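Okay, so here's the structure we're looking at.
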Amino acid sequence: MEIKAIRGFSDILPPETRRWRMLEERAREILEGFGFSEIRVPILEKAELFSRSIGEETDIVEKEMYTFEDRSGDRITLRPEATASIVRAYIEHKMYTTDPMAKFYSIGPMFRHERPQKGRYRQFHQINVEVFGISHPTIDAEVMAIVMYYLSTVGVKRCVLQINSLGCPRCRHPYKENLKTFLNDHLHQLCRDCRRRMERNALRAFDCKVQGCQEIIAEAPIVSDFLCSECAEHFAAVRSYLETLEVSYEVNPRMVRGLDYYTKTAFEVVAEGLGAQNAVAAGGRYDCLVEELGGPNIPGIGFAIGMERLLLILPEEHLPPGPSLFIAALGEGPQKDAFSLSYKLNRARVRTMIDYEGRSLKAQMRRAAKFGARYVLIIGEDEQRSGRAILRDMEEGKQEQIPFPSLFEEIVRRVKGGSP
Ligand code: HAM
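Letter by letter, the sequence shown follows residues -3 to 416 of our numbering.
If you want it as structure tokens, here you go:
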């Protein structure tokens, strides 16, 4: 019987893989430019890491984690996100000893057992960014500016940055009490999950997808009305620094994010064309998390971009180019020349393809078009006789003849615009 991939887990096939690489390469370029270094953390972690950081009563921990016992009887989890692992690594390797300030990025797969639908998968990929050791609101504005800059660079046209402040434990406590009272007044209208979670984590009612609960929560008190003076000042400063950087935003006072570790600034980038799963990126500040996971009192802030969702909203023309050159050769001698010329050109970083099987010129031209080659070099019998090959520029629709001995140099010059 045929074996298929697991539901919610996808193969990423060519040419789509080229789009993935383009997104990853642009992210690396931009992030390294802003002083971030790559960090690679394991895909498996102890289950406890996520329940302690993301929160016991969250959807992720309660319903979505791939947790199992390994052969040694340890409870381990396929990471549902990267922040917890990066914080763990930061603490475990005491990366704060000389200077608490550190900027990391990481790209890779995450796993959540959600119901798959457009923009929601069980294995998905994130570009994840974390900054440690900076309390100043300029960093909040900078990380948000970086997400928006990255998204526009890769070709996202219409997306909106939504921001909110979730306060700190000091202002969150009276807010939670207030919210609990409100929810209690509507207890009989709430779903079982919301009722159960209410005592320990009333904020999670905001994530509930049940229509009846959503209608009630739309009337609930909002955290921004309870901010202490420090959190209110921080939020005002973040907004003003966003304006300094000319980053537009909307304040969404009902956005609370689905993970417990956030404090103060929280944000989401929502995009058109994603349907219900409309956040292409999301993040926020987590000033207590390092300490809660056993490290010193060091603030943090970060975000993650969902790569599958990003690809869903990217316009097609942002496909990176195919090979620079396709060599279409007819006959045994020309084919052999094409074979060695292609190897030489590829080593000179001119992306070159050939047809290995000596099919008709028409079939070879079709293949060149399929791969989107910018130039096609034709070496047929006529060319063999005249000692000159034809180089056709597929974009400009022009062609010229090039003598065999200078083929390599001339192609490198035209395609790369330089010497070999
Ligand atoms: P999150 O909101 O859970 O935050 O996920 C961030 C992004 O990952 C979402 O906005 C979405 O684009 C993508 N994503 C999440 N779940 C799925 C899914 N099932 N299928 C496809 N894409 C998905 C976090 O993960 C935090 N760790 C972000 C963060 C970093 N906060 C601070 N630092």
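For glycine and all other residues, C-beta sits at the position ideal for the given N, C-alpha and C. Just so you know, these numbers come straight off a predicted model, no measurement behind them.
Any chance the CB of residue i is under 7 Å from a heavy atom of ligand 1?
{"i": "Ala324", "result": "no"}
{"i": "Thr431", "result": "As shown, the chain starts at -3 and ends at 416. That puts residue 431 outside it, with no answer to give."}
{"i": "Leu147", "result": "no"}
{"i": "Arg116", "result": "yes"}
{"i": "Ala85", "result": "no"}
{"i": "Tyr282", "result": "yes"}
{"i": "Gln113", "result": "no"}
{"i": "Arg108", "result": "yes"}
{"i": "Val276", "result": "yes"}
{"i": "Phe100", "result": "no"}
{"i": "Glu126", "result": "yes"}
{"i": "Ala43", "result": "no"}
{"i": "Glu288", "result": "no"}
{"i": "Ala300", "result": "yes"}
{"i": "Glu21", "result": "no"}
Compare the C-alpha of residue i against each of the options and name the closest.
{"i": "Leu308", "options": "Arg347, Ala267, Thr94 and Gly280", "result": "Ala267"}
{"i": "Gly376", "options": "Phe400, Glu58 and Ala365", "result": "Phe400"}
{"i": "Arg84", "options": "Glu60, Arg362, Gly69 and Ser49", "result": "Ser49"}
{"i": "Thr149", "options": "Pro170, Gly269, Ala23 and Asp95", "result": "Ala23"}
{"i": "Ser338", "options": "Gly329, Met349 and Glu328", "result": "Met349"}
{"i": "Phe120", "options": "Pro105, Glu110, Leu373 and Glu126", "result": "Pro105"}
{"i": "Thr240", "options": "Ala141, Val37 and Gln380", "result": "Ala141"}
{"i": "Arg36", "options": "Ser68, Glu126, Asp95 and Arg71", "result": "Glu126"}
{"i": "Glu328", "options": "Ala137, Lys340, Gly354 and Pro311", "result": "Gly354"}
{"i": "Val408", "options": "Pro311, Gln395, Tyr371 and Glu41", "result": "Tyr371"}
{"i": "Glu405", "options": "Ala344, Arg388 and Phe5", "result": "Ala344"}
{"i": "Asp333", "options": "Ala385, Ser244 and Val286", "result": "Ala385"}
{"i": "Val448", "options": "Tyr258, Gly368, Thr134 and Tyr146", "result": "Shown here, the chain extends from -3 to 416; a query on residue 448 therefore has no answer."}
{"i": "Glu52", "options": "Ala78, Arg196 and Glu21", "result": "Arg196"}
{"i": "Glu215", "options": "Cys284, Thr177, Lys412 and Arg192", "result": "Thr177"}
{"i": "Phe231", "options": "Ser33, Leu310, Ile87 and His132", "result": "His132"}
Is it right to say residue i is buried, meaning 16 or more other beta carbons lie within 10 angstroms of its own, or is it exposed?
{"i": "Arg17", "result": "exposed"}
{"i": "Ser415", "result": "Because Ser415 carries a pLDDT of 49, less than 50, the predicted location of this residue cannot be relied on, and no value is offered for it."}
{"i": "Asn124", "result": "buried"}
{"i": "Ala201", "result": "buried"}
{"i": "Arg111", "result": "exposed"}
{"i": "Met303", "result": "buried"}
{"i": "Met(-3)", "result": "exposed"}
{"i": "Lys0", "result": "exposed"}
{"i": "Leu9", "result": "exposed"}
{"i": "Asp55", "result": "buried"}
{"i": "Asn293", "result": "exposed"}
{"i": "Arg15", "result": "buried"}
{"i": "Asp417", "result": "What is shown of the chain runs -3 to 416, which leaves residue 417 out entirely."}
{"i": "Met97", "result": "exposed"}
{"i": "Asp417", "result": "Outside the shown range of the chain (-3 to 416) lies residue 417, about which nothing can therefore be said."}
Contact criterion: CB-CB distance below 8 Å. Does residue i meet it with respect to chain B?
{"i": "Asp55", "result": "Looking at the structure shown, chain B is missing, and only one protein chain is on hand."}
### Query
Where in the stretch 126 to 206 do unbroken runs of the alpha helix (DSSP H), each at least 4 residues long, occur, reported from the N-terminal end onward?
133 to 150, 165 to 181 and 188 to 197
### Task
Tell me the start and end of each unbroken alpha helix (DSSP H) in the stretch 68 to 94 that is at least 4 residues and wholly inside, in chain order.
79 to 88
### Message
For a minimum of 3 consecutive residues, which ranges assigned as the beta strand (DSSP E) are wholly contained in the stretch 276 to 304?
### Response
296 to 302
### Unbroken stretches of the alpha helix (DSSP H), 4 residues or longer, contained in the stretch 330 to 364
none
### Task
Note down, one range per segment and in chain order, each beta strand (DSSP E) of at least 3 residues found wholly within the stretch 229 to 273.
259 to 267
### Complete beta strand (DSSP E) runs within the stretch 11 to 65 (minimum length 3 residues, chain order)
40 to 42 and 62 to 65
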